[in-house]
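Numbering (our numbering), first residue to last: -4 to 821.
From the three backbone atoms N, C-alpha and C, an ideal C-beta is built for every residue, glycine too.
If you're wondering where the values come from, they're calculated on a predicted model, not measured in any experiment.
Here is the structure we will look at, set down as structure tokens.
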């Protein structure tokens, strides 16, 4: 059984028992004791027994507490059990029952409980409420008095004695039996005739010759006194030692002078035996309870020692502060190290140990927790602490919580803290680094914007005059020139074309680096695009006397969706390199379908040559910006080293992969694999207007009635566009900026508008927005831009432009787009 089991057992015991310590403070009590004394456990535990059960103030001569205290002190002194004489001890009634005192009679036994050293540790008190017995006894006494009076007044009646329920004997002055009650004879299995006339001490072979009884009767005869309720132990029965309570009174017969003694006998053996057994049982059980409590106390003590060791050695900083002054009663090693104030902190006030915190929030927080009992949780609070003589900023996570005593009163505050200074400093550094990184990122972004703006401006500034140079070169080549003039002008055109390619490469690299590269997602016919691209190299291949082969897989879908301009740029770069580095032999272009599903087709493009080849150790580096296979290559063949770098980035940005195989002195194979979405049939493509280019008009009769508004601020570009358009029979009107264009648009009807984007007064975006939003016109508008870095197709479409073309203007592309949009409008 556990300690709790014994405690519960004791509480449920039917005996009316109470356990007190040597200062008479009540330790525990049985439920039956509480019931008979009309008290509650909560009101008497840990209280002094004399505070709970005082004398009745209404009885001036009451000595209840005096007699009880004397008995308890004798038990402490003699270390033996004491049976008190029956005592009148009035009990306070609860207020709910009217209050006041109720008269009670008690039989009390006080027994010591000794430890192994024979010292009294507790007193167990067993009580018996004999109030009802007293009432019966009182009635019995009254009855006996009446019998006595009756006996004195009238002739003694043996019949009365015989019928008494209590065992009785009538004795003469010689202590011989004159008569016996029927109950006596039944009780002790004796015939009345056998005992009449014999001495009381001769009953049952002198078993009644008891010294105590003989002394009492002799004293009664010698002093002519009565005795009442005297307890005598005897061994008359063969069963076990017995206990009787005897009382004796003189009665007189009126007709005789002889004294007659009425001896009343009450057998209390069973009551005493049960009471003793119960007392001994409870004593044994309480001793077991005390032993368990001792073990539990030892375990608690050991547990407290272990807990204190854990507390003192805990990595968490822990301190217990007591009282309003916050005196340190416990501080573990961690908090001592944290505070840096030495080892002897116990007994000092918190404010004396850490005076640097007096004007901070911590003392106020401690006082608030002590006063309200509400814990406080601190997170990364700054505390400047003088640690080993040096002031330093420390950061702590901590909790202040009230310290409760056993009676649940708050006697102080417990501190549990953890130094998070390193973590906070790292976090602050990260925050600072993040701020610095954001500042640097902003600066970098501003630099990129500035770079883009610069490139945009440079693109515009370079392409605008180049547009005039190349454009007028094309115009001159259409005139009647002699052979030398044609050669000179052609050289100018080739140089201009080369310069435009170089400008485009540089601007494309800048766009990729800035993350500004975008790709179209438009339908195109792959076979036509490839034929157009390869047609550009026919003259060069013939000049170098190189064999050329071209093979395109027939299973490739006819129409694909992607960026045909970037595809053209990739193949142009690879073909240019193949022609540049191949002086003899052959070049082949192979286009093959690798796989396809309902939505996509994956195609491999390979360009193989028998040129100079690339060393294996340089094959990976030639895709870097501005790098070629060797210095000799650069000196012999020229070039910027940008072509392959652009090819690689354009392919990979579209989700493709580069193919590069080469053997120095034998030749190379460069190519790429790329996936394209599959488009719809040609008939549907025409309906959906996804065939980008239409044939250029071959005669003026089909264009004479078409009126074109050219919005351009540069005079040379105005002149060039006039020449190109007039040559094809279009009617031309020119506006120097967007504002003038709107004025003219409101006065005239135009079939199509060519709109420059960068102009003074009002740019092309603003003018287009006005035409679409204010004038509500649907006239086709084609953007003209020299800024390929910002020629944002989405932006052009957003303001309502139908198409765009970049400068230098390719007249075939321009005329095809005009024709396309005119046809669509009609």
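In the DSSP annotation of this structure, the continuous segment of the beta strand (DSSP E) that includes residue 663 starts and ends at 662 to 673. Residue 573 is classed as buried because its beta carbon has at least 16 other beta carbons within 10 Å across all chains shown.
A straight-line Cα-Cα distance of about 31 Å links residue 748 and residue 485.
Counting other Cβ atoms within 10 Å of its Cβ, residue 23 reaches 16 or more and is therefore classed as buried. The straight-line gap separating the alpha-carbon atoms of residue 474 and residue 438 is approximately 53 Å. Straight through space, the alpha carbons of residue 120 and residue 41 are spaced by roughly 16 Å. About 4 Å separates the CB atoms of residue 726 and residue 702; that is less than 8 Å, so the two are in contact. Under a 10 Å Cβ-count criterion, residue 25 is classified as buried, with 16 or more other Cβ atoms of the shown protein chains found around its own Cβ.
Restricted to the region 752 to 784, the alpha helix (DSSP H) segments that are unbroken, complete and at least 4 residues in length are 759 to 768, listed in chain order.
Between residue 77 and residue 69 the beta-carbon gap is near 6 Å, inside 8 Å, which marks them as a contact.
Contact annotation: the region 556 to 565 touches the region 657 to 674, with at least three C-beta pairs closer than 8 Å. Secondary structure of residue 101 (DSSP, three-state): strand. By the C-beta criterion, the region 336 to 344 is judged not to be in contact with the region 355 to 370, since fewer than 3 inter-stretch pairs fall below 8 Å. The closest CA to that of residue 112, considering only 175, 363, 74, is found on 74. Around the beta carbon of residue 414, 16 or more other beta carbons lie within 10 angstroms, which makes this residue buried. Exclusion of the five residues before and after residue 240 leaves 224, 226, 261, 263 as the residues of its chain whose Cβ lies within less than 6 Å of its Cβ. For residue 245, the beta-bridge partners assigned by DSSP are 256. Non-local beta-carbon contacts of residue 503 in its own chain, meaning distances under 6 Å to residues more than five positions away in sequence, involve 641 in chain order. For residue 116, there is no enclosing alpha helix (DSSP H); the enclosing beta strand (DSSP E) covers residues 115 to 124. Looking at 110, 117, 101, 115, the one whose alpha-carbon comes closest to that of residue 126 is 101. Here residue 603 has 583, 664 as same chain residues with Cβ atoms under 6 Å from its own Cβ, once five neighbours each way along the sequence are excluded.
Between residue 363 and residue 352, the alpha-carbon positions lie close to 16 Å from each other. In the structure shown, residue 599 falls within a strand segment according to DSSP collapsed to helix, strand and coil. DSSP places residue 477 outside both helix and strand once states are collapsed to three, so it counts as coil. For residue 226, the three-state secondary structure derived from DSSP is strand. When C-beta atoms of the region 205 to 213 are compared with those of the region 173 to 182, fewer than three pairs fall below 8 Å, so the two segments do not count as touching. DSSP places residue 387 outside any alpha helix (DSSP H); the residue lies instead in the beta strand (DSSP E), whose first and last residues are 385 to 399. Contact between the region 515 to 526 and the region 480 to 498 is not established, with fewer than three Cβ pairs separated by less than 8 Å. Ranking 13, 17, 609, 56 by CA distance to the CA of residue 35 puts 13 first. Rounded to the nearest whole angstrom, the CA to CA distance from residue 717 to residue 799 is 18 Å. When the five nearest sequence neighbours on each side are left out, the beta carbons in the same chain lying within less than 7 Å of the beta carbon of residue 320 are those of 344, in order along the chain. Rounded to whole angstroms, the separation of the alpha carbons of residue 495 and residue 550 is 36 Å.
If you look at residue 413, you'll find it in the beta strand (DSSP E) that goes 405 to 414. Annotation: the continuous alpha helix (DSSP H) that includes residue 31 extends over 26 to 32. Counting along the chain, residue 85 sits inside no alpha helix (DSSP H), nor does DSSP assign it H or E at all.
Distance check between residue 772 and each of 778, 764, 779 places 764 closest, using alpha-carbon atoms only.
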